[in-house]
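Some notes on the structure that comes next.
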Amino acid sequence: MAAPTAILADWPGTDTGAKMEEMQMKRISNLLRGACIALAGLGATAVPALAEMSEITGSAAYRERIALPPESLLRVELRDVSKADAPSTLIAAQTVYTDGRVPIAFKLPYDTRLINDRHSYAVSATLSHDGQVLFRTDTVYPVITRDAGEEVDLLLVKASAPAPETDAAAGSAADFAGTWLAEDLMGQGVIDNLQSTLEIQADGTVGGLAGCNRFRGDVDIEGATFRAGPMALTQKACIPAVGEQEQRFMKVLGAANRIVMDGPYMKLLAPNGTEIGRFTKMN
Numbered sequence: 001m002a003a004p005t006a007i008l009a010d011w012p013g014t015d016t017g018a019k020m021e022e023m024q025m026k027r028i029s030n031l032l033r034g035a036c037i038a039l040a041g042l043g044a045t046a047v048p049a050l051a052e053m054s055e056i057t058g059s060a061a062y063r064e065r066i067a068l069p070p071e072s073l074l075r076v077e078l079r080d081v082s083k084a085d086a087p088s089t090l091i092a093a094q095t096v097y098t099d100g101r102v103p104i105a106f107k108l109p110y111d112t113r114l115i116n117d118r119h120s121y122a123v124s125a126t127l128s129h130d131g132q133v134l135f136r137t138d139t140v141y142p143v144i145t146r147d148a149g150e151e152v153d154l155l156l157v158k159a160s161a162p163a164p165e166t167d168a169a170a171g172s173a174a175d176f177a178g179t180w181l182a183e184d185l186m187g188q189g190v191i192d193n194l195q196s197t198l199e200i201q202a203d204g205t206v207g208g209l210a211g212c213n214r215f216r217g218d219v220d221i222e223g224a225t226f227r228a229g230p231m232a233l234t235q236k237a238c239i240p241a242v243g244e245q246e247q248r249f250m251k252v253l254g255a256a257n258r259i260v261m262d263g264p265y266m267k268l269l270a271p272n273g274t275e276i277g278r279f280t281k282m283n
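This is how it looks when you write it as structure tokens:
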């Protein structure tokens with residue numbers, strides 16, 4: 001009669017059975033807890049942060065009274081142009097087919113997480129057909145930061161046309177000798193009642209007032225080529241707004257590699273042909 005007693009001892013309800021049940025329940029509970037933790041970890045890493053999108057809207061047009069070839073392409077780009085002496089950073093781009101009519105409306109979505117309120121941003125565009133650029137923007141169109149907004153109308157110029165050099169026979173510093181007042185710097189305008197000036201001598205010596213500090217140095221002008229050497233700058237402390245304009249002024253001098261005349265304006269251009277400085281003659 002001992003065998004039945006041993007069998008009953010392993011059944012639920014006996015002391016041994018209760019202990020075994022308790023151990024099994026703990027094991028199952030631990031397994032479930034581990035699985036939940038693992039799933040929670042996977043959930044935390046598998047779902048990426050969602051993009052926070054906004055968009056720039058506007059139009060692109062040109063002055064010429066000519067029709068675009070069928071299936072021409074409009075490409076619009078948003079770039080970070082904060083550093084005048086370094087390549088711009090592409091933030092967003094959009095390419096669309098056109099129907100040959102202008103102006104051409106566009107919408108350019110961009111991720112707002114890529115925007116820094118302290119940086120400067122600009123939109124540019126090209127119109128092309130069969131891989132050949134027909135029209136392009138040739139000036140800076142600021143957007144997003146510094147009260148620029150998200151709406152912009154772009155005026156494109158013929159890509160094959162040379163940069164305008166209408167009122168002066170460019171060739172040397174002597175052709176640009178005089179004192180020039182900055183009217184626009186990097187597409188952000190200038191402060192009213194603050195004169196940032198560039199004084200060019202016939203021998204290539206330059207000087208002037210950048211903001212609250214004066215500068216002096218040399219430039220090499222040959223044809224339409226413009227190269228600025230190192231500049232000596234006084235070290236007065238400027239109020240923030242004046243200091244910011246002063247920094248932009250000096251960046252324009254350092255980044256420009258071309259100088260042209262366009263009507264009453266002397267323009268300094270970046271290596272990509274974009275206007276980064278516009279001046280009028282004071283004397």
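Its first residue numbered 1, the sequence shown is counted upward by one per residue in full-length UniProt numbering. Even for Gly, the Cβ is constructed at its ideal location relative to N, Cα and C. Bear in mind that the values here come from a model prediction, so they are computed numbers and not experimental data.
Secondary structure of Gly100 (DSSP, three-state): coil. Unbroken beta strand (DSSP E) runs of no fewer than 3 residues, entirely contained in the segment 97-158, are found at 104-111, 121-129, 132-137, 141-143, 151-158, following chain order.
Taken through DSSP and simplified to helix, strand or coil, Leu253 comes out as helix.
The UniProt domain "DUF306" (177-279) contains, as complete beta strand (DSSP E) runs of 3+ residues, the segments 178-185, 197-200, 205-209, 214-222, 225-228, 258-262, 265-269 (chain order). Around the C-beta of Arg136, 16 or more other C-beta atoms lie within 10 Å, and the residue is accordingly described as buried. Of the other Cβ atoms in all chains shown, 16 or more fall within 10 Å of the Cβ of Ala255; this residue is therefore buried.
For the set Lys83, Ile239, Phe106, Asp138, the Cα lying nearest the Cα of Leu269 is the one of Asp138.
Between Ser196 and Ala182, the beta carbon gap of about 4 Å places them in contact (Cβ cut-off 8 Å). With respect to Gly217, Ala224 sits apart: the two C-beta atoms are not nearer than 8 Å.
For Thr274, the number of other beta carbons within 10 angstroms of its own is at least 16, and it is reported as buried. The DSSP-derived three-state label of Ala61 is strand.
A check of alpha carbon separations from Lys158 across Ala67, Thr89, Ser82, Gly58 identifies Ala67 as the nearest.
A residue is called buried once 16 or more other Cβ atoms fall within 10 Å of its Cβ, and Ile104 is buried on that count.
A straight line joining the alpha-carbon of Asp80 with that of Val152 spans about 16 Å.
Collapsing the DSSP output to three states places Ala92 in a strand. Note: Asp80 is bridge-paired with Thr89, Tyr121 in the DSSP secondary-structure output.
Take the alpha-carbon of Val242 and the one of Glu222: they are about 32 Å apart.
Residues of the same chain with a CB within less than 8 Å of the CB of Met53, apart from the 5 flanking positions on each side, are Pro109, Tyr110, Asp111, Thr112 in chain order. Sequence-distant Cβ neighbours of Thr126 in its own chain, meaning closer than 6 Å and more than five residues away, are Arg75, Val133, Arg136.
Residue environment analysis places Gln245 among the buried positions, since at least 16 neighbouring C-beta atoms fall within 10 angstroms of its C-beta.
Going by beta carbons, Lys267 and Trp180 fall outside the 8 Å limit. DSSP lists Asp111 as the bridge partner or partners of Met53. Between the alpha carbons of Phe215 and Met250 lies a distance of about 9 Å.
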